[in-house]
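Going left to right, the sequence shown walks through residues 14 to 476 as the numbering used here numbers them.
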Amino acid sequence: MEVRTFTPTYFSENHDVEMSPEMVAAIFARYSRQGEGLNAILTQLENTPKDKFEESVWKFLDYGHASIGGLTGSIPTGIDNVSMLSPYLAFFLQPKQDGQETSTRYVEFKPEGLATPDSFGIPERFHNKWYETMLDGFDINKKLVGKLNKLAEESPELTRIDTSLPAKVQSRMRKNFGFDRARYTIPMAGLTNFGLVMTAREWAETIKYASSFDFSESRELGDALRENIAEVAPRLMKHSEPTERTQSYADEFLDRGVEYLLENGVNVGMVKDIVSVETHIPKNTLDATSGRSLSEELAKNFDGKKTRYDYAKGLAEKIRISVSWNNMSLAEARDINRQRPCVKDTLLAPVGSYMPDICVDLMKNDGELFDQYSRFLDQRAELMNEIINSEAPRSYVGCLLLGDQTPFELHTSAAHFTYVTELRTSMGVHFRYDQHVRDAHQEVVEQIPELDPYIKLGTGEPE
């Protein structure tokens, strides 16, 4: 694991003062304790001896650390060589981040491309079986990619690739066609990299939760983040230690997965799609007293919209939309999990196992590969069952696969749902993600047909 935080330094024009993000936050916080403005504050600091500069900035402050932390500006931090589970939890728990993660197309298909079983607290007696199972998942993925690449060459119409594109682009898209359909046996223990850009306030909250989860990789990540970001915001990182509340949540989050698996076992079959939508249009708002109909009000909210980045204001922001997918595989959940700002929830336990029909057909045509895949699912289920009945049941998370289907919820506004729907059905979207979002869109517009004219579905072109 490697964590690196960029340490920005700020200067103000006409003032010979060098400031860290934490200093800038403290300076802005002083606005509420004086009326002379920023220029007067900076002039005063400029005349302060350097050895007393920091003391001068902080001594008049009596604010809550969270309010100051939100003023630090963004602190960019990169995290390399962690399992896919760590960014999944980081994005899941922090709805105010901007960030990105390495594509699964770049996972190394070898033992060195896996986090260790110790990272999840898996008891040592299961290690050999764990490695055998995870590497088998890599092997099946590689074989499927090869078959899909061959199919894409022989039947290019299946890829829906625009033949007017340059040959190099078409070649890349054909490879992506295979990668995107074969990825479901890749372990979540596969190593990845990710970067987040947040204020010190959001970092402190994220680190609290990372330090609370009951597996060593997450806690080591919390410690490493705290140490690195302390170089930028040392005072604020004192408030990033786990609390009883964050530890209680982290335990409950993993324990409900354990409880589900103990009661239901590990299902190796595929669960069919069911999407549930609840909508709420508030009545006691300024918009409701305008005398306009819902159609008229939304027409005003979306007036002038040309692209998905023209966000609606007004009632569209107040209408609540809750979407629950019963069977979103972790592969797709990793994508929608990065949406913000919104509230998300999930059961981090497999209720089924997804594999595209085209892959199942290819494996059945190669009976040996289909047998290998069936044995792989059974062995992973057996391993997970053994672990949840061991002294370390929460370590089952180290056995999760990208193909594991799990319930996933998204709670947001109509304005944001419009953006998400247009984004996630546009060019480059994964085919399965595209279907999940279209299913949700259909349910939403059935309940709020007045919203339909303002959501422009994409055509789901491949990347």
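The beta-carbon is built from N, C-alpha and C at its ideal position, and this holds for glycine as well.
Residues near ASN314 by beta carbon distance below 7 Å, same chain, minus five either side: ALA325, LYS326, GLY327, LEU328, ALA329
Where the alpha helix (DSSP H) containing GLU422 begins and where it ends: GLU422 -> not in any alpha helix (DSSP H); beta strand (DSSP E) instead, spanning 417–426.
For GLN392, the three-state DSSP class (helix, strand or coil): helix
Any 3 or more C-beta pairs closer than 8 Å across the stretch 461–471 and the stretch 375–388: No: the two stretches stay apart, fewer than three of their Cβ pairs being nearer than 8 Å.
CB of SER225 within 7 Å of CB of ARG239, strictly: No.
GLU230 to MET97 span [Cα, whole Å]: 11 Å
8 Å Cβ shell around VAL458 - same chain, five flanking residues per side excluded: Residues LEU464, ASP465, ILE468 of the same chain have their beta carbon placed closer than 8 Å to that of VAL458, with the five preceding and five following residues left out of the count.
Simplified DSSP state of GLY270, which is helix, strand or coil: helix
Residues near PHE19 in its chain [Cβ-Cβ closer than 6 Å; skip 5 each side]: PRO89
Residue interval of the alpha helix (DSSP H) (run including VAL95): That residue, VAL95, is in no alpha helix (DSSP H); its beta strand (DSSP E) goes 88–96.
For ASN350: DSSP bridge partner residues: Answer is none; ASN350 lacks a bridge partner.
Beta-carbon spacing of ASP286, PRO363 below 7 Å: no
Own chain residues within Cβ distance below 6 Å of ASP193, not counting five before or after: HIS443
Complete alpha helix (DSSP H) runs within the stretch 83–154 (minimum length 4 residues, chain order): Uninterrupted alpha helix (DSSP H) stretches at least 4 residues long and entirely within the stretch 83–154 occur at 98–106, given in chain order.
Spatial neighbours of GLU15 in its chain, beta-carbon cut-off 7 Å, leaving aside the 5 residues before and after: ASP93, ASN94
CB of LEU415 within 7 Å of CB of LEU343, strictly: yes
Cβ shell of THR438 (< 7 Å), same chain only, five flanking positions each side left out: ASP447, VAL450, ARG451, LEU470, GLY471, GLY473
Neighbour-count burial assignment, THR22, 16 or more Cβ in a 10 Å radius: Of the other Cβ atoms in all chains shown, fewer than 16 fall within 10 Å of the Cβ of THR22; this residue is therefore exposed.
Per-residue burial, ASP358 [other beta carbons within 10 Å of its own, 16 or more giving buried]: exposed
CB of LYS154 within 7 Å of CB of ILE199, strictly: In the sequence as displayed, the identity of residue 154 is Asn instead of Lys. Their beta carbons are under 7 Å apart, which means ASN154 touches ILE199 by this criterion.
Candidates GLU345, THR172, ARG388: closest to GLY191 by CA position: THR172
Cutoff 6 Å; reference LEU106; Cβ partners in own chain excluding five residues on either side: Take LEU106, set aside five residues on each side of it, and the residues of its chain with a beta-carbon closer than 6 Å to its own are TYR222, in chain order.
Selection from PRO295, ARG17, LYS319 that minimises the alpha carbon distance to GLU310: PRO295
CA-to-CA distance, PHE139 to LEU275, given in whole angstroms: 18 Å
Distance CB(LEU178)-CB(GLY112) smaller than 7 Å: no
As assigned by DSSP and simplified to three states, the class of GLY159: helix
Three-state secondary structure (DSSP) of VAL458: Of the three classes helix, strand and coil, the one that applies to VAL458 here is helix, per DSSP.
Three-way DSSP call (helix, strand, coil) for VAL210 in this model: strand
Assumed close pair SER366, PRO420 - CB separation to whole angstroms, cut-off 8 Å: No, SER366 and PRO420 are not in contact; Cβ-Cβ is about 14 Å, not under 8 Å.
7 Å Cβ cutoff met for LEU423 and CYS355: With a cutoff of 7 Å on beta-carbon distance, LEU423 and CYS355 are scored as near each other.
Whether ALA217 touches GLU35 by CB criterion (7 Å): The answer is no: Cβ separation not under 7 Å.
From ASP316, THR212, GLY380, residue whose alpha carbon lies closest to that of SER87: THR212
Distance between GLN260 and LYS163 (C-alpha atoms, nearest Å): Rounded to the nearest angstrom, the two C-alpha atoms are 49 Å apart.
Member of ASP152, THR431, LEU157 whose CA lies at the smallest distance from the CA of LYS319: THR431
Candidates LYS331, ARG269, VAL290, PHE41, of which the one nearest LEU307 by Cα: LYS331
DSSP state of ASN60 mapped onto helix, strand, coil: DSSP places ASN60 in coil when its eight states are reduced to three.
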